[in-house]
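Novice: Handing you a structure now.
Residue numbers (our numbering): 305 to 461.
Here it is, written out as structure tokens:
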């Protein structure tokens, strides 16, 4: 984890935040940037994921024991609640749509992705050029959030 300076979350769906506790288990201690709604939703999603994993593990372990299998035939959960809390402590919900900040030497501007509450795509600008990075975009006809902000026109070098 020594080469990793920062993590930036685009949104809080499990397929985008679900490995964050594992990253922390493996030694990452740096900041994890996101929008405030993403931080709030990530807490719910990750705690639920941990609980489901632990409950599933206990269920599978009981079944294996009833069937006479060794305990090591059941895979343990990837993480538990304590791991989630360590990961959540690293969250920095400082990203605001349209505001640029410098993160690990890169200018980062989050814009509305319109996917779920707090979701963003990122305009990343550094000495080597510009990059737009998204998690997921859009969610038609959502009454809960604004539509996504169209990305800037690409420039050719």
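Glycine is no exception: its CB is placed at the ideal position from the N, C-alpha and C atoms.
By the 10 Å Cβ neighbour count, where 16 or more other Cβ atoms means buried, how is residue 416 classified, buried or exposed?
Specialist: Classification for residue 416: buried.
Novice: Go through its chain and collect everything with a Cβ distance to residue 392's Cβ below 6 Å, but skip five positions before and after it.
Specialist: Contacts found: 347.
Novice: Between the Cα of residue 390 and the Cα atoms of 358, 350 and 423, which residue gives the shortest distance?
Specialist: Cα-wise, what sits closest to residue 390 is 350.
Novice: May I ask which residues mark the beginning and end of the alpha helix (DSSP H) holding residue 329?
Specialist: Residue 329 -> alpha helix (DSSP H) spans 324 to 329.
Novice: Is the segment 397 to 417 touching the segment 357 to 371 in the sense that three or more CB pairs, one from each, lie closer than 8 Å?
Specialist: With a cut-off of 8 Å, the segment 397 to 417 and the segment 357 to 371 do not count as touching, because too few Cβ pairs lie within range.
Novice: In chain order, what residues of the same chain have a beta carbon less than 8 Å from the beta carbon of residue 385, not counting five sequence neighbours either side?
Specialist: 351, 354, 355 and 358, listed in sequence order.
Novice: Which residue wins for smallest C-alpha separation from residue 310, given the options 325, 403, 407 and 433?
Specialist: Nearest of 325, 403, 407 and 433 to residue 310, Cα basis: 407.
Novice: Counting C-beta neighbours from all protein chains within 10 Å, is the total for residue 423 16 or more, i.e. buried, or is it exposed?
Specialist: Buried.
Novice: Pop quiz: residue 429 and residue 411 are said to be a contact at Cβ under 8 Å. What is the actual Cβ separation, rounded to whole angstroms?
Specialist: Contact flag correct, Cβ pair sits at about 4 Å.
Novice: Might you give, ordered along the chain, the residues of its own chain that have their beta carbon closer than 6 Å to the beta carbon of residue 420, omitting 5 neighbours on each side?
Specialist: Correct list, in chain order: 315.
Novice: Spell out a yes or no on whether the segment 337 to 346 and the segment 397 to 404 are touching, meaning 3 or more CB-CB pairs, one atom from each, closer than 8 Å.
Specialist: The answer is yes - the segment 397 to 404 touches the segment 337 to 346, with three or more Cβ pairs under 8 Å.
Novice: Fully enclosed by the segment 377 to 434, which alpha helix (DSSP H) runs are 4 residues long or longer?
Specialist: For the segment 377 to 434, whole alpha helix (DSSP H) runs of length 4 or above, ordered along the chain, are 385 to 392.
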